[in-house]
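**Student:** Residue numbers (the numbering used here), protein chains in the order written: chain A, 47 to 417; chain B, 47 to 417; chain C, 47 to 417; chain D, 47 to 417.
Beta carbons: idealized from backbone N, C-alpha and C, even for Gly.
Take this structure first; my questions come after.
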Ligand SMILES: NC(=O)C1=CN([C@@H]2O[C@H](COP(=O)(O)OP(=O)(O)OC[C@H]3O[C@@H](n4cnc5c(N)ncnc54)[C@H](O)[C@@H]3O)[C@@H](O)[C@H]2O)C=CC1
Ligand SMILES: NC(=O)C1=CN([C@@H]2O[C@H](COP(=O)(O)OP(=O)(O)OC[C@H]3O[C@@H](n4cnc5c(N)ncnc54)[C@H](O)[C@@H]3O)[C@@H](O)[C@H]2O)C=CC1
Ligand SMILES: NC(=O)C1=CN([C@@H]2O[C@H](COP(=O)(O)OP(=O)(O)OC[C@H]3O[C@@H](n4cnc5c(N)ncnc54)[C@H](O)[C@@H]3O)[C@@H](O)[C@H]2O)C=CC1
Ligand SMILES: NC(=O)C1=CN([C@@H]2O[C@H](COP(=O)(O)OP(=O)(O)OC[C@H]3O[C@@H](n4cnc5c(N)ncnc54)[C@H](O)[C@@H]3O)[C@@H](O)[C@H]2O)C=CC1
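Given below as structure tokens:
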């Protein structure tokens with residue numbers, strides 16, 4: 047059992063999730079490498095010190111480069127806004143540190159490609175934080191589709207819709223600004239998760255046509271009303287390389303949808319349905335059953351399903367959001383240990399970013415775009 | 047209580063549904079006009095006579111023109127394949143008979159327009175059989191949206207997907223042939239219902255981009271394998287005149303979906319969700335409630351909701367498929383009685399057919415189409 | 047196709063349901079006997095005449111004995127409060143008329159037994175109106191259990207709970223009065239349906255212990271507050287003759303439950319779940335499936351299930367409350383036609399009433415009671 | 047931030063859950079005391095050493111007394127079969143160590159009372175591991191009921207049913223043996239959780255009548271078929287001190303139910319429903335809403351609900367089984383820190399055990415039992 051000294055940049059939403067996961071992943075999965083919460087960096091030294099004390103990190107810094115360059119750090123987790131990822135990743139490459147970077151990888155595909163090439167060039171383990179695809183249910187979905195159990199995939203209806211910015215009184219932030227965030231709004235914030243699911247579960251996207259909208263054109267800013275620069279919602283039609291077609295919705299203003307990451311995948315022999323709001327169930331339809339016994343079956347996750355047993359011996363006892371990060375981290379640790387690339391790599395993140403960029407272009411030009 | 051002598055053309059799936067509805071609508075809604083099952087026509091005299099005996103029609107004929115021209119018939123219900131609608135409707139206009147015609151109204155928008163103009167010119171009551179929009183739940187949805195209760199509609203995700211042709215061993219029929227059916231497949235067979243719902247609940251569609259596919263390229267025909275001529279499935283992006291955007295899926299090969307007519311309508315103050323497979327419930331989200339008490343509310347239909355009380359005094363006791371036709375018929379009877387046009391009129395059917403036609407063009411040319 | 051001239055007593059909640067069913071059952075099931083809505087009786091001549099006009103009955107009377115004795119009536123449907131059933135049934139026996147009587151058959155088991163013996167003695171077709179057990183889903187449940195598909199039944203958890211008297215401001219009525227209703231309240235009004243389901247699906251009940259309560263001790267009466275005389279809610283433990291055990295809840299004050307007739311039946315090889323609020327689905331669990339593919343399967347009713355096809359060719363299109371009465375009536379007509387007893391006969395109603403009576407005794411004496 | 051050196055006895059199902067929780071609770075809740083995984087004990091020294099290495103405990107022992115008496119241990123978690131609890135607890139009292147003990151507290155109420163008196167006499171923090179009641183949803187249920195939001199509770203329908211021993215081929219174990227487990231089977235293994243929920247959410251139980259059954263009378267034992275000594279399933283009727291009545295089911299052989307801990311609590315103004323298989327949702331019915339807007343509302347847990355924010359800022363992102371233990375542990379740490387008794391204390395465990403014992407007596411004597 048060897049320790050891996052982790053440096054974490056960012057102490058927001060995801061900084062905390064990674065901290066929690068780092069502390070329990072070893073016991074849960076009995077990993078070869080055991081992570082140690084070595085150093086945390088945020089925008090300020092005081093903030094970092096405070097979070098270190100509260101969350102149990104050994105050291106802290108207000109300068110992320112200090113963290114990256116510190117010889118006492120073996121691997122880095124980047125949990126800061128996308129605008130910062132490129133510099134941080136390139137610094138990690140220089141410092142020869144494996145990286146787990148939050149999604150979206152870059153602010154655009156060009157940035158992502160630079161990161162991919164740098165990491166691959168340096169031969170460092172690298173991973174993008176697409177955690178939702180890590181649930182036992184989504185892993186089972188992958189197995190079922192790959193095995194041919196539902197036949198060839200023909201139609202795919204997916205969405206990642208939430209309502210975290212539904213209220214127009216919620217302030218502008220890096221998420222709504224191109225300068226500090228990305229040109230895409232919900233399209234870069236939530237859609238990457240479900241685009242990644244499409245690529246993982248169904249395969250490459252060959253072409254798409256997209257439409258996006260800003261719903262609330264201003265939000266309170268630090269200096270009064272601030273114009274909103276990127277999309278609140280949108281949808282696209284997809285054609286997959288394997289011939290399947292489908293549609294994808296995304297939103298940050300979808301009233302009532304809290305974790306609306308859903309996929310319905312129809313095949314020539316059956317179908318699957320998943321809703322992240324009920325993340326411990328996968329619905330499976332088998333068209334070969336007797337007509338009087340056909341119907342979607344609600345399979346509750348349990349020890350018979352991928353990665354579940356490590357969390358609980360009891361079927362249906364359930365995993366939650368943070369457990370997704372634990373599974374992600376287990377894979378990242380394995381990647382660092384073996385030196386192997388572990389899915390989803392930066393390249394996978396780049397593939398997602400290309401889809402986002404194609405969608406932006408399609409929405410702008412109102413036309414189908416090939417990938 | 048005056049009798050209205052009905053002539054019905056067609057004794058298939060919908061012929062039976064209309065027969066059932068005709069016999070009970072009077073007692074259920076205590077209608078002013080009471081329909082009498084006067085004469086039924088099918089393709090053959092023997093078949094018609096047989097159905098008359100089994101279903102309780104007073105007379106029968108193997109020639110629909112006999113029925114239309116018969117002075118003992120006051121109004122006509124057309125429940126035959128779309129390819130036959132134009133001739134029948136024009137004959138009814140000549141004979142000055144009000145018509146309730148099954149969907150889709152025409153084989154294309156041009157046909158529909160001819161029918162609209164003929165009926166309107168003659169000042170005859172006319173209606174298209176969009177029954178799904180008749181449920182108490184969908185009527186309630188209409189009320190809720192119209193009242194502004196969920197604010198301005200911003201995103202619309204809808205589908206009408208079934209799996210009645212999922213199995214490639216199912217034979218070709220008028221539904222799969224352009225010559226006897228329509229150029230559109232599922233797009234003309236199931237999609238019209240949900241397009242109609244969009245128009246009813248959200249308003250006119252300004253533009254769309256569509257994609258369609260044939261999944262099973264041949265099916266057993268009378269003379270061996272027969273090439274399938276129209277779409278099995280597809281999807282479109284929609285822009286509504288009021289600024290909302292959305293997506294629509296349709297399919298006749300959607301494994302596991304039996305009556306997958308669903309709509310999710312998101313507004314600036316709340317949202318609605320409906321699934322026809324659970325037709326007695328409407329889900330409502332009110333964004334104005336206290337954050338700790340927010341959530342989709344499952345409203346079971348009851349006497350407090352449109353048209354429910356006539357069926358039952360008990361909340362949640364439930365209406366079914368045939369009850370939709372009863373409601374439709376009640377409105378048609380009212381239209382005949384008052385001479386007023388009753389929604390959805392042929393013109394509404396025409397509006398739907400224009401969307402279908404735009405979708406065909408869009409799919410063919412792979413571009414956005416304005417309506 | 048022979049006509050059967052029906053006399054209906056009662057024009058309330060159930061009077062209307064029977065009227066609707068009478069008018070469409072012939073077309074739906076192509077019955078041998080076709081019912082004719084001949085004569086309706088209510089408490090007053092004017093009321094009866096009014097209902098006849100509105101609902102399409104040929105004749106009417108304010109005196110039910112006139113109806114029963116009328117030679118132009120071939121069979122009688124009794125849809126009046128339980129307190130009136132005994133006299134009416136005995137009169138029908140004298141007049142040699144087959145009877146379909148609403149539940150509960152008698153005000154107590156002794157009354158029921160008198161009716162059973164009279165009808166059986168006269169060899170007349172007789173049936174009790176347990177309509178909920180008529181849904182395609184509950185018929186399928188019966189088939190599945192009888193076939194051994196879920197093994198031996200071991201535990202049964204059922205309820206019939208509604209909230210039609212939840213509001214204490216709702217007035218007293220025959221339902222709450224012993225003098226005009228029954229000594230049992232919800233126990234005689236809703237519980238009989240689910241007791242009947244237990245007997246049908248699982249078999250005879252060997253012993254029980256029950257508990258009942260009045261929640262709202264007074265309600266508005268015609269002369270001010272009126273003391274409530276029978277139970278608002280209760281529950282019982284059951285032991286079945288076949289060794290299974292279970293519990294049963296009933297209520298007329300169960301806030302939020304509209305048609306809460308649910309059963310969960312667990313066997314040694316699987317389990318079933320049904321909820322009348324979603325009456326077109328039956329949930330089936332098969333314990334023999336591979337552990338990674340186990341889960342309750344939501345089977346939507348369709349033509350492959352009992353009695354569905356007559357209503358619709360489309361799976362999941364759905365039946366509703368009144369369709370249950372149609373199925374019931376189809377069986378009653380068959381019984382009249384063949385002279386055979388058709389389940390559930392008066393004797394079945396008596397078996398239910400014995401359970402109700404045992405529950406009353408058990409609740410009063412706070413002890414287990416054998417049946 | 048002070049460390050608390052924890053000793054854990056037991057490395058089975060619950061031993062692992064406590065280990066995981068111990069490692070992340072500090073970061074999640076920023077607790078005053080930070081637990082340190084100091085020493086673990088199991089039945090054998092080798093097993094303990096192995097688990098220590100795999101799970102990250104600093105020391106290990108094959109003799110739990112060594113652990114309890116070790117001055118380097120500040121508090122003890124007991125996660126061994128019930129038969130061992132009494133000795134361990136008494137030893138902890140002698141050693142002046144606060145204890146978190148798994149449920150059921152004792153093998154019978156007398157044992158539990160001894161433990162209560164010993165702990166209370168010594169003034170040590172003590173808690174029983176009723177984790178299910180810790181979910182944000184169940185805490186919210188408690189708040190809602192306590193605030194009077196659903197009025198006075200009138201009917202309570204609850205269950206804790208699973209199918210972990212549904213298969214008769216599963217071997218006998220301490221769970222099925224009186225000598226090493228408890229006289230009650232499922233009644234002592236799963237029922238305590240839901241009894242505890244009743245006491246917590248509704249209040250003291252005044253009387254009950256219970257029924258229990260062994261379904262599989264033998265199971266494979268180490269020396270061939272072994273007779274099963276305690277109940278597989280059962281149910282009871284409950285009367286609460288506040289006048290509410292209800293029923294409770296429990297089972298370890300309930301095919302298809304994986305985590306069937308559900309409660310439906312009906313009040314004079316509304317109702318609540320919860321199902322642990324969908325642990326991130328609470329269903330609330332408000333009878334005061336307009337009749338056309340009434341229905342159960344599915345509230346997804348989020349930062350507005352008890353203890354959720356510490357896990358995630360996102361509504362509906364979800365907590366899982368192990369997070370329940372984290373919340374439990376947070377409270378235990380607080381109890382140790384402040385010296386205060388923290389609910390549910392040993393006394394609460396004793397109250398549950400009294401209900402279990404009353405149920406055993408009731409089932410044996412087939413009569414109502416007062417508590
Ligand atoms: N996988 C998932 O489920 C989620 C992923 N994310 C992703 O995680 C990343 C972070 O998002 P949140 O945690 O929501 O953001 P946040 O706004 O909650 O926190 C950002 C953190 O980054 C720190 N930070 C920003 N600039 C920095 C700099 N130059 N140097 C050091 N620290 C800096 C801030 O001090 C703050 O602690 C984003 O890429 C986002 O897209 C966010 C939420 C969920
Ligand atoms: N509103 C709804 O839910 C549904 C509507 N439909 C629509 O109803 C119409 C009929 O469809 P189905 O009933 O499914 O068809 P079907 O194939 O079951 O029955 C068609 C009937 O029309 C008769 N027919 C055909 N050509 C005729 C002619 N020249 N003269 C006299 N009778 C003729 C046939 O004999 C047959 O009785 C179509 O427009 C279809 O799109 C169909 C199913 C559901
Ligand atoms: N199967 C089911 O789902 C249901 C069954 N029922 C049962 O149906 C029966 C009737 O109940 P509701 O229709 O709800 O009652 P209701 O109060 O709505 O109607 C009762 C009808 O009986 C008539 N009536 C009463 N005494 C009469 C008399 N002496 N002579 C002639 N007519 C008389 C009244 O005028 C009224 O038309 C009861 O036995 C009840 O338990 C009621 C509701 C649902
Ligand atoms: N709160 C909850 O959700 C659950 C609670 N439990 C409770 O947790 C307790 C343990 O159950 P499981 O973990 O399922 O049991 P298990 O059989 O999985 O593990 C028992 C552990 O106790 C150890 N052990 C037994 N006797 C010992 C002794 N004399 N000295 C040291 N170690 C000893 C065994 O070596 C083993 O590691 C029980 O009281 C059970 O009722 C169990 C499962 C779920």
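(1) Considering only residues of the same chain and omitting the five flanking positions on each side of residue 103 (chain D), which have a CB-CB separation below 6 Å?
(2) Could you check what DSSP says for residue 172 (chain A) in three-state terms: helix, strand or coil?
(3) Report the residue from B:109, B:370, B:325 and B:355 whose alpha carbon sits nearest the alpha carbon of residue 56 (chain B).
(4) Going by DSSP, which residues form a beta bridge with residue 286 (chain D)?
(5) If I measure Cβ to Cβ from residue 351 (chain C) and keep anything under 6 Å in the same chain, skipping five residues before and after, which residues do I get?
(6) Could you name the residues of the segment 335 to 365 of chain D whose beta carbon sits closer than 9 Å to any beta carbon of chain E, in the order they occur along the chain?
(7) So is residue 268 (chain D) buried or exposed if we call it buried at 16+ other beta carbons inside 10 Å?
(8) I want to know whether the segment 74 to 83 of chain C touches the segment 109 to 119 of chain C - three or more CB-CB distances under 8 Å.
(9) For residue 327 (chain D), decide whether its Cβ has a neighbour in chain B, counting only Cβ atoms nearer than 9 Å.
(10) Can a CB atom of chain C be found closer than 9 Å to the CB of residue 247 (chain A)?
(11) Just to confirm, does residue 171 (chain A) get its C-beta within under 8 Å of one of the non-hydrogen atoms of ligand 4?
(12) Using a Cβ-Cβ cutoff of less than 6 Å, which residues in the same chain neighbour residue 312 (chain C) once the five nearest sequence positions on both sides are dropped?
(13) Consider the C-beta atom of residue 392 (chain D) and the heavy atoms of ligand 4; say whether any pair is separated by less than 8 Å.
(14) Is it true that the CB of residue 66 (chain C) sits closer than 9 Å to the CB of residue 73 (chain B)?
(15) Report all residues from its chain with a CB closer than 6 Å to the CB of residue 378 (chain C); omit the five preceding and five following residues, and keep chain order.
(16) How big is the Cα-Cα spacing for residue 228 (chain D) and residue 220 (chain D)?
(17) Kindly indicate if chain A contains any beta-carbon less than 9 Å away from that of residue 186 (chain C).
(18) Using 8 Å as the Cβ pair cut-off and three pairs as the minimum, do the segment 386 to 399 of chain C and the segment 160 to 172 of chain C touch?
(19) So, residue 207 (chain D) versus residue 303 (chain D), is the Cβ gap smaller than 9 Å?
(20) So the candidates are B:369, B:129 and B:213; which of them puts its Cα closest to the Cα of residue 314 (chain A)?
(21) Once DSSP output is grouped into helix, strand and coil, what is the label at residue 275 (chain C)?
(22) What do you reckon, is the C-beta of residue 220 (chain A) under 8 Å from a heavy atom of ligand 1?
(23) If we ignore side chains and look at the alpha-carbon of each, how far apart do residue 238 (chain B) and residue 322 (chain B) end up?
(24) For the alpha helix (DSSP H) that residue 182 (chain B) lies in, which residues bound it at each end?
(25) Keeping to the same chain, check which residues put their C-beta closer than 7 Å to that of residue 51 (chain C); ignore five residues upstream and five downstream.
(26) Comparing C-alpha positions only, which one of A:252, A:231, A:347 and A:93 sits nearest to residue 416 (chain A)?
**Tutor:** So, from the listed chains and residues:
(1) Walking along the fourth chain from the start, residue 103 (chain D) turns up at place 57. Excluding residues within five positions, the ones whose Cβ falls inside 6 Å are 83 and 86.
(2) For the purposes of this step, residue 172 (chain A) is taken as residue 126 along the first chain, with counting starting at 1. Residue 172 (chain A) falls in the strand class under three-state DSSP.
(3) Locating residue 56 (chain B) in the second chain gives position 10, counting from the first residue. Nearest of B:109, B:370, B:325 and B:355 to residue 56 (chain B), Cα basis: B:109.
(4) Residue 286 (chain D) sits at position 240 when you count from the first residue of the fourth chain. Partner(s): D:251.
(5) Position 305 of the third chain, counted from the first residue, corresponds to residue 351 (chain C). Taken in chain order, the residues that qualify are 182 and 186.
(6) Here chain E cannot be found, since the structure's protein chains are A, B, C and D.
(7) Within the fourth chain, numbered from 1, the residue matching residue 268 (chain D) stands at position 222. By the 10 Å Cβ count, residue 268 (chain D) comes out exposed.
(8) no
(9) Along the fourth chain, read from residue 1 onward, the residue named residue 327 (chain D) stands at position 281. Cβ-Cβ to chain B under 9 Å: yes for residue 327 (chain D).
(10) What you label residue 247 (chain A) is simply residue 201 of the first chain in a count that begins at 1. Not an interface residue.
(11) Working through the first chain from its first residue, we reach residue 171 (chain A) at position 125. Every heavy atom of ligand 4 is 8 Å or more from the Cβ of residue 171 (chain A), so no.
(12) One-based indexing of the third chain puts residue 312 (chain C) at position 266. Result list for residue 312 (chain C): 200 and 201, in chain order.
(13) By one-based count along the fourth chain, residue 392 (chain D) stands at place 346. Checking the Cβ of residue 392 (chain D) against ligand 4 gives no.
(14) Within the second chain, numbered from 1, the residue matching residue 73 (chain B) stands at position 27. Within the third chain, numbered from 1, the residue matching residue 66 (chain C) stands at position 20. Result yes, Cβ atoms of residue 73 (chain B) and residue 66 (chain C) sit closer than 9 Å.
(15) In the third chain, residue 378 (chain C) corresponds to position 332, counting from 1. Only 146 and 173 meet the Cβ criterion.
(16) Along the fourth chain, read from residue 1 onward, the residue named residue 228 (chain D) stands at position 182. Along the fourth chain, read from residue 1 onward, the residue named residue 220 (chain D) stands at position 174. Spanning the two alpha carbons is a distance of roughly 8 Å.
(17) Here residue 186 (chain C) is taken as the residue at index 140 of the third chain, counted from 1. Yes, contact with chain A.
(18) yes
(19) Taking the fourth chain and counting its residues from 1, the one referred to as residue 207 (chain D) is at position 161. Taking the fourth chain and counting its residues from 1, the one referred to as residue 303 (chain D) is at position 257. In contact: residue 207 (chain D) and residue 303 (chain D) (Cβ atoms closer than 9 Å).
(20) Start at 1 with the first residue of the first chain, and residue 314 (chain A) comes out as number 268. Nearest of B:369, B:129 and B:213 to residue 314 (chain A), Cα basis: B:213.
(21) As a first step, residue 275 (chain C) must be located in the third chain, where it is residue number 229. Looking at residue 275 (chain C) - three-state DSSP - the assignment turns out to be coil, as it is neither helix nor strand.
(22) What you label residue 220 (chain A) is simply residue 174 of the first chain in a count that begins at 1. For ligand 1, at least one heavy atom lies less than 8 Å from the Cβ of residue 220 (chain A).
(23) Start at 1 with the first residue of the second chain, and residue 238 (chain B) comes out as number 192. Start at 1 with the first residue of the second chain, and residue 322 (chain B) comes out as number 276. Distance between the alpha carbons of residue 238 (chain B) and residue 322 (chain B) is about 15 Å.
(24) As a first step, residue 182 (chain B) is located in the second chain; it is residue number 136 there, counting from the start. Where residue 182 (chain B) is concerned, the enclosing alpha helix (DSSP H) stretches over 182 to 192.
(25) Translated into positions along the third chain, residue 51 (chain C) becomes position 5. Closer than 7 Å at Cβ, skipping near neighbours: 82, 84, 118, 119 and 120.
(26) Translated into the one-based positions of the first chain, residue 416 (chain A) becomes position 370. Selected option, being the one with the closest Cα: A:252.
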